Structure formats: C-alpha cells, structure tokens
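**Q** In terms of the working numbering, the sequence shown opens at residue 276 and continues consecutively.
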Amino acid sequence: MRIITSLGLLLLVGAMLAVPAPSQAQIAVGVSVRVGPPVLPVYAQPICPGPGYIWTPGYWAYGDEGYYWVPGTWVMAPEPGLLWTPGYWGFAESVYVWRAGYWGPHVGFYGGINYGYGYTGVGFWGGEWRGREFVYNRAVTNVNVTVIHNTYNRTVVVNNVNRVSFNGGP
Numbered sequence: 276m277r278i279i280t281s282l283g284l285l286l287l288v289g290a291m292l293a294v295p296a297p298s299q300a301q302i303a304v305g306v307s308v309r310v311g312p313p314v315l316p317v318y319a320q321p322i323c324p325g326p327g328y329i330w331t332p333g334y335w336a337y338g339d340e341g342y343y344w345v346p347g348t349w350v351m352a353p354e355p356g357l358l359w360t361p362g363y364w365g366f367a368e369s370v371y372v373w374r375a376g377y378w379g380p381h382v383g384f385y386g387g388i389n390y391g392y393g394y395t396g397v398g399f400w401g402g403e404w405r406g407r408e409f410v411y412n413r414a415v416t417n418v419n420v421t422v423i424h425n426t427y428n429r430t431v432v433v434n435n436v437n438r439v440s441f442n443g444g445p
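1) Are the beta-carbon atoms of P361 and G347 separated by less than 7 Å?
2) Alpha carbons only, please: which of R438, G325, G386, V410 is nearest the one belonging to Y467?
3) What number of angstroms, rounded off, separates the C-alpha of V370 from the C-alpha of G443?
4) Can you tell me which of W378, Y385, H424, Y363 puts its alpha carbon nearest to the alpha carbon of V306?
5) Here's the rule: buried if 16 or more other CB atoms are within 10 angstroms of the residue's CB, otherwise exposed. What is N389?
6) Within its chain, find whatever has a CB closer than 6 Å to the CB of V432; leave out the 5 residues flanking it on each side and keep chain order.
7) Using the rule of at least 16 other Cβ atoms within 10 Å of the residue's Cβ for burial, across every protein chain shown, is F419 buried or exposed?
8) Alpha carbons only, please: which of T421, S440, E340 is nearest the one belonging to P326?
9) Would N417 and R429 qualify as a contact pair, given that the criterion is a beta-carbon distance under 7 Å?
10) In terms of alpha-carbon separation, which member of R374, Y342, G379, F366 lies closest to G398?
11) Which class does I423 belong to by DSSP, given the choice of helix, strand or coil?
12) Fully enclosed by the stretch 346-395, which beta strand (DSSP E) runs are 3 residues long or longer?
13) Beta-carbon separation of F441 and P312 under 7 Å?
14) Looking at the structure shown, is T331 part of a helix, part of a strand, or coil, going by DSSP?
15) On the DSSP letters alone, give me the boundaries of the beta strand (DSSP E) that V410 sits inside.
16) In its own chain, which residues sit with a C-beta less than 7 Å from the C-beta of G356, not counting the 5 before and 5 after it?
17) At the level of alpha carbons, what is the spacing between C323 and W335?
18) Got a sec, what are the start and stop residues for the beta strand (DSSP E) E403 sits in?
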C-alpha cells in the first residue's frame, strides 16, 4: 500500500513539474480604447542637455479623463549602443491598442508614425552610436555645438504633412 501511495505521489509531482508555468514574457498589461488619439501636436524640441542623451518623442497616453499629451524628453541611454523605439497606438479588432516603447540595439517598428526629430516613421535619423559615443545628426536634432562636439550633418527628408498619431484604423 505504501508503494502505491508513494508511486501516486511521485506521479502527481512529476505531472505538476511537466506543466510549464507562464513566463514573464507572456504576461502583459495593455491599454485599449475605442476612440483613436488626436493628431500629433507641433512642438519645438528642447536643446539636448549634454552628450549621451537620446531623444524620446512625445506621445498620447490615455487616462481616466481621456487622452493627454506626454511631452518628449531627452533621456540617457541605459547603456552604450541602445536606441529608443517609440511606443505607438495601433488599431486592432475595432479598438486602439497602445504598444509600449523600449530600448534595444536597433530601432524597431513604431507604427510608421512620424514623430519628428529623427523618428520619420521608419528607423531613427537623429544620431548613431560610434563605439561607446552617441553622435548627433544636427540636421534633425537640436544640439548646442559649443557643448556637444560629437555631431554630423546628414540631410533627412521629413514629410510633416501627415500628423496621424496611430497605425491602422478605419
């Protein structure tokens, strides 16, 4: 009888271990609403505060009172080589869903939204990493060259006709 009980307990523990627990990557909290965000406002980029800062553009967030504007800001990269992929609102299954931004070794998809200041809808043209130093493109980034010397000037064609702040939709 003890052998059968021990065997049953062993099988139960083995079965519990065989079922995978949900990973952290599978758990997400999202925001979705039925009304799309307003158009992107036109605003001036503040001057870069110093070397190593990367522009993170403003975006529409959603709260109890509806949409509100979160202004863009200069942020130090968490580590050299990382770039910011902005978050964006996407239309899916009759609702607008917020896709959060993130740091990574390259700029990913951000909904084709033209946030300006180097974020034209695809990629990032406001600067690049050269080794452990971030170098700024003065054609699209507001830097004080008396303070920041690691700059270059590469023309970027910017189409500011479209101020849509979401991807997809009716």
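Glycine included, every Cβ here is placed at the ideal spot set by N, Cα and C. Remember, it's a predicted structure, so these values are computed and weren't measured experimentally.
**A** For this structure:
1) For the purposes of this step, residue 361 is taken as residue 86 along the sequence shown, with counting starting at 1. For the purposes of this step, residue 347 is taken as residue 72 along the sequence shown, with counting starting at 1. In this structure, G347 does not lie closer than 7 Å to P361 by Cβ.
2) Here the chain covers residues 276 to 445 and nothing more, so residue 467 does not appear.
3) The sequence position of residue 370 within the sequence shown is 95, counting from 1. The sequence position of residue 443 within the sequence shown is 168, counting from 1. Their backbone Cα atoms lie some 10 Å apart in a straight line.
4) On the sequence shown, residue 306 is found 31 positions in, with the first residue counted as 1. Closest by alpha carbon: Y363.
5) Start at 1 with the first residue of the sequence shown, and residue 389 comes out as number 114. When all chains shown are included, N389 counts as buried.
6) Here residue 432 refers to the residue found at position 157 of the sequence shown. The answer is none, since no qualifying residue turns up.
7) Within the sequence shown, the letter at position 144 stands for residue 419. Note on identity: in this sequence residue 419 is Asn, with Phe being the wrong assignment. Answer is exposed; the Cβ neighbour count stays below 16.
8) Taking the sequence shown and counting its residues from 1, one reaches residue 326 at position 51. With distances taken between Cα atoms, P326 lies closest to T421.
9) The residue given as residue 417 occupies position 142 in the sequence shown. The residue given as residue 429 occupies position 154 in the sequence shown. The beta carbons of N417 and R429 sit no closer together than 7 Å.
10) Position 123 of the sequence shown, counted from the start, is the residue given in the question as residue 398. Looking at the Cα atoms, G379 is the closest of the given residues.
11) Within the sequence shown, the letter at position 148 stands for residue 423. Under the three-state reduction of DSSP output, I423 falls in the coil class, being neither helix nor strand.
12) The beta strand (DSSP E) runs of length 3 or more contained entirely in the stretch 346-395 are, from start to end of the chain, 348-351, 358-360, 363-367, 370-374, 377-379.
13) Locating residue 441 in the sequence shown gives position 166, where the first residue counts as 1. Locating residue 312 in the sequence shown gives position 37, where the first residue counts as 1. Contact flag set, yes.
14) Position 56 of the sequence shown holds residue 331. For T331, the secondary structure class from DSSP, reduced to helix, strand or coil, is strand.
15) Within the sequence shown, numbered from 1, the residue matching residue 410 stands at position 135. Unbroken beta strand (DSSP E) run through V410: 408-412.
16) The sequence position of residue 356 within the sequence shown is 81, counting from 1. Hits under 7 Å: P380, W404.
17) Translated into positions along the sequence shown, residue 323 becomes position 48. Translated into positions along the sequence shown, residue 335 becomes position 60. Spanning the two alpha carbons is a distance of roughly 22 Å.
18) Walking along the sequence shown from the start, residue 403 turns up at place 128. Counted as a single uninterrupted DSSP element, the beta strand (DSSP E) harbouring E403 occupies residues 402-405.
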